[in-house]
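Since the structure comes first, as structure tokens, the remarks are kept for the end.
2 protein chains.
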Amino acid sequence: MTQPLALGIDIGGTNTSFGIVNRRGEIVSKGSMSTTGHATTHDYFTAMKQVLTPFIAEFGRENINGIGIGAPNGNFFTGEIVFAPNLPWRGVIPIAKTVSEMFGLKATLTNDANAAAIGEMMYGAAKGMKDFILVTLGTGVGSGFVANGQMIYGNDGFAGELGHVIAVRDGRKCGCGRNGCLEAYASATGIVRTANEWLDERNTDTILRAEIGKITAKLIHEAAEKGDAFALQLFDYTAKILGQTLADMVAITSPEAIIFFGGLAQAGELLLGPVHRYMEENMLNIFQNKVALLQSALPDADAAILGASALAW
Amino acid sequence: MTQPLALGIDIGGTNTSFGIVNRRGEIVSKGSMSTTGHATTHDYFTAMKQVLTPFIAEFGRENINGIGIGAPNGNFFTGEIVFAPNLPWRGVIPIAKTVSEMFGLKATLTNDANAAAIGEMMYGAAKGMKDFILVTLGTGVGSGFVANGQMIYGNDGFAGELGHVIAVRDGRKCGCGRNGCLEAYASATGIVRTANEWLDERNTDTILRAEIGKITAKLIHEAAEKGDAFALQLFDYTAKILGQTLADMVAITSPEAIIFFGGLAQAGELLLGPVHRYMEENMLNIFQNKVALLQSALPDADAAILGASALAW
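Protein chains in written order, with my numbering: chain A, 61 to 373; chain B, 61 to 373.
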């Protein structure tokens with residue numbers, strides 16, 4: 061028999077958020093602790109135990125079906141976080157095993173984008189869909205591909221690295237060491253790189269020129285909303301590269317929808333409008349006018365917890 | 061209860077092959093008829109009925125579990141062949157329904173590359189694999205993606221169009237009307253196009269120069285085997301484009317293996333050697349040295365029938 065509650069833990073680069081979630085996908089209670097500031101992973105786990113033990117006790121461990129954990133570079137098969145560039149720890153962290161032993165509950169790990177995809181499938185924009193792609197546009201670009209109603213983990217648990225598909229052959233350097241990855245263009249950091257490059261090379265008049273050195277995706281978004289032509293061109297360029305890459309992805313998994321999540325996705329139609337246009341322009345005819353582009357339907361602050369908790373069922 | 065035999069039908073551009081297959085994947089009996097030379101699809105189906113009725117009767121209709129059909133542009137969900145450029149018929153052909161009614165047996169259709177993937181999974185190089193990609197390198201480039209042990213058909217049944225992923229942005233014209241598709245480079249016709257272009261542009265000494273106007277993939281393969289530098293460069297160039305594209309595909313579905321099938325794949329290590337090298341060179345580090353490149357393990361003439369028949373179980 062399954063228990064009525066699940067514990068979802070989302071480990072981000074700065075904060076670790078957690079929440080008790082019921083069967084209907086409602087967060088009954090939540091909290092957070094710092095991911096950083098612990099000298100070792102042992103200290104981090106000690107802090108987690110102190111925070112989560114009373115939290116779990118409040119609802120009764122016997123009522124909790126299990127723990128779901130979302131984390132960058134989290135591997136579903138091994139339960140390990142593996143060389144996550146955006147977390148304070150290096151190497152391989154056996155997090156599912158550690159958390160499971162700490163609280164005496166089954167614990168399941170996956171990467172943050174996969175967790176978001178599962179959350180959308182259970183409670184969000186992908187409810188009832190069997191074939192869709194979840195794309196996170198944040199500091200990096202992540203993705204979760206769902207086919208036949210199942211997450212594609214691949215043979216090693218690392219499937220769904222859309223951010224590291226080569227979008228521009230011999231293009232700009234990516235954090236992974238290769239050149240031209242989608243992540244180097246279509247993430248929040250990617251669009252800022254484009255802005256800085258263009259400001260360097262061009263004399264275009266733009267309200268962003270006053271912000272040189274401290275440009276963010278949010279500032280570009282605000283400038284575009286005010287009709288700044290330079291900012292709109294930045295969205296158009298980013299959308300073109302993303303739309304072209306998505307057209308190729310549709311040819312592989314033919315999804316019902318592509319769902320966007322994360323900071324840069326908050327630009328909404330300003331980004332997704334041109335992404336949709338470029339995707340259609342670049343798509344094989346049999347796929348045209350079939351694929352919906354949607355924004356995440358999960359409340360932003362809660363999505364990661366919901367997604368992680370969904371693993372526990 | 062399932063019956064002990066299945067009928068597999070492979071509809072190719074020239075011939076329609078069929079065979080009775082048992083549970084162990086052995087073709088008990090087989091035959092073929094012409095796909096072309098029929099004035100209408102009605103005439104084609106009439107001819108098929110004449111040929112297959114006694115063939116089925118020989119084994120007893122009651123012993124046959126169903127009919128599996130593989131055909132270019134065959135759609136698993138609708139049972140229709142849809143605008144297949146390499147078949148003599150235009151428009152939409154409801155082939156599963158027609159065949160099913162004609163013989164009073166359940167009939168299931170899929171495209172030829174998916175059928176080959178299912179055949180490899182049941183009887184060939186992918187036996188026991190849950191995550192792999194089957195790539196057909198023939199007149200065109202086809203593919204079947206398998207994840208979690210299931211064929212990815214996508215939302216509309218058309219998933220797996222690897223041949224129409226853009227391998228070279230703004231590259232050469234493809235039969236689909238777009239530019240730079242993988243199929244325009246890494247198919248048997250693609251490598252011949254490259255050969256003809258290079259012979260036009262360059263004065264390189266090659267035994268292929270004597271064959272201008274009648275160069276085939278087979279001739280290029282033979283020249284390469286004799287050590288012809290020009291032919292080897294053709295394989296290297298084709299392998300580079302294929303390897304780069306496959307590196308991107310691995311990032312999405314993280315397969316255990318990629319299995320190659322079809323005319324150009326018969327070049328074996330001459331092609332797959334450099335494909336493997338370019339794939340590894342272009343791959344995200346977490347996927348390196350994990351993915352096997354294999355040639356189909358199905359006897360060539362029978363593979364299509366076996367693959368199609370596998371749909372009937």
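Backbone N, C-alpha and C fix where the C-beta goes; we use that ideal spot for every residue, glycine too. Because the structure is a prediction, the values reported are computed rather than measured.
Using a Cβ-Cβ distance cut-off of 7 Å, determine whether Cys236 (chain A) contacts chain B. yes
Endpoints, the beta strand (DSSP E) within which Met343 (chain A) is located: Met343 (chain A) -> no beta strand (DSSP E), and no H or E assigned at all.
Would you list the residues sitting across from Leu67 (chain B) in a DSSP beta bridge? B:Ile80, B:Ile127
Where DSSP assigns a beta bridge to Gln355 (chain B), which residues make up the other side? B:Phe320.
Just the Cα atoms here: how many angstroms apart are Thr138 (chain A) and Asn239 (chain A)? 29 Å
Three-state secondary structure (DSSP) at Lys157 (chain A)? Three-state DSSP puts Lys157 (chain A) in a helix.
Taking 7 Å as the CB-CB cut-off, is His2 (chain B) touching chain A? A question about residue 2 (chain B) goes unanswered here, because the residues of chain B that appear run from 61 up to 373.
If you drop the 5 nearest sequence neighbours on each side, which residues of the same chain put their C-beta closer than 6 Å to that of Tyr104 (chain B)? Excluding residues within five positions, the ones whose Cβ falls inside 6 Å are His98.
Go ahead and label Gln304 (chain B) buried or exposed: buried means 16 or more other beta carbons lie within 10 angstroms of its beta carbon, across all protein chains shown. buried
DSSP beta-bridge partners of Phe205 (chain A): DSSP lists A:Ile193 as the bridge partner or partners of Phe205 (chain A).
Quick one: complete alpha helix (DSSP H) runs, 4+ long, within the region 86-154 of chain A? 101-119
Is the region 194-207 of chain B touching the region 317-337 of chain B, taking contact as three or more C-beta pairs under 8 Å? Judged by pairs of C-beta atoms under 8 Å, the region 194-207 of chain B touches the region 317-337 of chain B, as three or more such pairs exist.
Per DSSP, Leu169 (chain A) is paired with what? A:Ile129
Have a look at B:Arg121, B:Ile127, B:Glu122, B:Asn146 and flag the residue whose alpha-carbon is nearest the alpha-carbon of Asn419 (chain B). Look at the range of chain B in this structure, 61 to 373, and you will see that residue 419 (chain B) is not part of it.
Which residues, in order along the region 292-318 of chain A, keep a beta-carbon less than 8 Å from a beta-carbon of chain B? Hits within the stretch, in order: Gln304, Ala307, Asp308, Met309, Ala311, Ile312, Thr313, Ser314, Pro315, Glu316.
Check distances from the C-beta atoms of the region 179-197 of chain A to those of chain B and list, in chain order, the residues that come in under 9 Å. Met189, Lys190, Asp191, Phe192
Under the three-state reduction of DSSP, which class applies to Lys274 (chain B): helix, strand or coil? coil
Lys300 (chain A) burial status per 10 Å Cβ neighbour count (16 or more: buried): buried
Would you mind telling me which residues of chain A sit closer than 8 Å to Lys350 (chain B), beta carbon to beta carbon, in chain order? Result: Asn215, Asp216.
Looking only at C-alpha atoms, which of B:Gly164, B:Leu353, B:Leu344 sits nearest to Gly235 (chain A)? B:Leu344
For Ala177 (chain B), return the contacting residues in chain A, with the cut-off set at a CB-CB distance below 7 Å. Those within 7 Å of Ala177 (chain B) in chain A number zero; the least Cβ separation is about 13 Å.
Does the beta-carbon of Glu261 (chain B), which I'm using as the reference point, lie nearer than 6 Å to any heavy atom of the ligand ADP? Looking at this structure, you won't find the ligand ADP or any other ligand, since it has none at all.
Please tell me whether Leu344 (chain B) has its Cβ less than 7 Å away from any Cβ of chain E. Within the model displayed, chain E is absent; protein chains A and B are what it includes.
Report back the beta-carbon spacing between Gly217 (chain A) and Lys166 (chain A) to the nearest angstrom; my notes put them in contact at under 8 Å. Contact flag wrong, Cβ pair sits at about 18 Å.
Can you give me the start and stop residues for the alpha helix (DSSP H) that Thr400 (chain A) sits inside? Any answer about residue 400 (chain A) is impossible in this case: the structure gives chain A only from 61 up to 373.
Could you give the residue range of the alpha helix (DSSP H) that holds Tyr213 (chain A)? No alpha helix (DSSP H) contains Tyr213 (chain A), which DSSP labels as neither H nor E.
Closest to Asn215 (chain B) by CA distance: which of A:Ala372, A:Met189, A:Ala307 is it? Minimum Cα-Cα distance from Asn215 (chain B) among the listed residues A:Ala372, A:Met189, A:Ala307 corresponds to A:Met189.
Going by Cα to Cα distance, which pick from B:Phe115, B:Gly273, B:Gly130, B:Leu65 is closest to Asn123 (chain B)? B:Leu65
By the 10 Å Cβ neighbour count, where 16 or more other Cβ atoms means buried, how is Asn272 (chain B) classified, buried or exposed? Looking at the sequence itself, residue 272 (chain B) is Ile, so the reference to Asn does not match. Answer is exposed; the Cβ neighbour count stays below 16.
Suppose you measure from the CA of Gly179 (chain A) to the CA of Ala117 (chain B); what does that come to, to the nearest Å? 53 Å
Going by DSSP in three states, Asn263 (chain A) sits in which element: helix, strand or coil? coil
For Val159 (chain A), I'd like the list of residues in its chain whose CB is within less than 7 Å of its CB, leaving aside the five on either flank, ordered along the chain. Ile127, Ile129, Ala167
Which residues in chain B have a C-beta closer than 7 Å to the C-beta of Arg229 (chain A)? List them in chain order. Arg229
So for Asn239 (chain A), helix, strand or coil by DSSP? Three-state DSSP puts Asn239 (chain A) in a strand.
Beta-carbon proximity list for Thr377 (chain A), same chain, < 8 Å, skipping 5 on both sides: Given that chain A is displayed from residue 61 to residue 373, the structure contains no residue 377 (chain A) and the question cannot be resolved.
Counting only the same chain and skipping the five closest in sequence on each side, list residues whose C-beta sits under 8 Å from that of Gln348 (chain A). Glu340
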